[in-house]
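Written out below as structure tokens is the structure these notes cover.
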Amino acid sequence: MLNEKVRQLIAGQINKEFYSAYLYLDFSNYFQAKGLDGFANWYQVQAREEQDHAMMFYRYLHDNGAAVTLEAIAKPNVPAENDMAVLTAGLHHEEAVTASINGIYAAAGEAGDFRTMQFLGWFIKEQAEEETNAHNLISKMELFGSDAKGLYLLNSELAGRTYKAPAASEE
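In this note's numbering, the protein residues as written are 598 to 768.
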């Protein structure tokens with residue numbers, strides 16, 4: 598049986614992951630409106646990943662006999678002043694998600710819940726990758742974003758990103 602504090606934190610993480618999906622769809626809308634369909638695609642893929650993450654937490658609670666409480670998902674409210682502001686907001690959001698998952702891991706450790714700690718190990722590695730991707734996107738935008746041809750090539754690169762659901766062994 599899961600520690601109640603850990604259960605509550607995981608239930609809250611489900612909401613945070615679904616919010617992340619909403620946020621990234623909002624970012625996709627921003628870039629689509631600007632005609633940057635590659636950036637829009639990149640964030641649509643991000644949104645699908647976040648939905649999968651939410652469902653992984655959801656299944657984990659159910660698989661451990663814990664109650665799942667779904668809360669309302671907040672409307673994204675990130676001012677899209679320019680392309681870089683959106684990318685930077687994405688990085689800051691990923692850093693906040695990392696801190697949240699680290700908090701769950703710490704609570705599981707305090708409770709001696711090694712099964713949850715092991716489950717969270719995948720998310721900890723995933724968050725490191727997410728932060729690196731966000732940093733890389735910002736770096737590429739800094740390098741190429743002010744040049745129309747460079748922006749076109751970057752947009753084309755991002756258009757090639759495809760969705761890949763996590764394998765069952767990763768969950």
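The beta carbon of each residue, even a glycine, is placed where N, CA and C say it ideally should be.
Here the stretch 634-648 lies against the stretch 741-755, with 3 or more beta-carbon pairs under 8 Å apart. Cβ-Cβ distances below 6 Å link F720 to I698 in the same chain, with the five nearest sequence neighbours on each side left out; the list follows chain order.
By the 16-neighbour rule on beta-carbons within 10 angstroms, A705 is buried.
Inter-segment contact for the stretch 606-623 and the stretch 665-672 is present: three or more beta-carbon pairs are separated by less than 8 Å. When C-beta atoms of the stretch 682-697 are compared with those of the stretch 733-742, three or more pairs fall below 8 Å, so the two segments count as touching.
The alpha-carbon separation between L606 and F628 amounts to approximately 33 Å.
Only residues of its own chain outside the window of five on either side were considered, and among them F741 have a CB closer than 6 Å to the CB of G747, listed in chain order.
Under the DSSP assignment, T685 falls in the alpha helix (DSSP H) whose first and last residues are 680-708.
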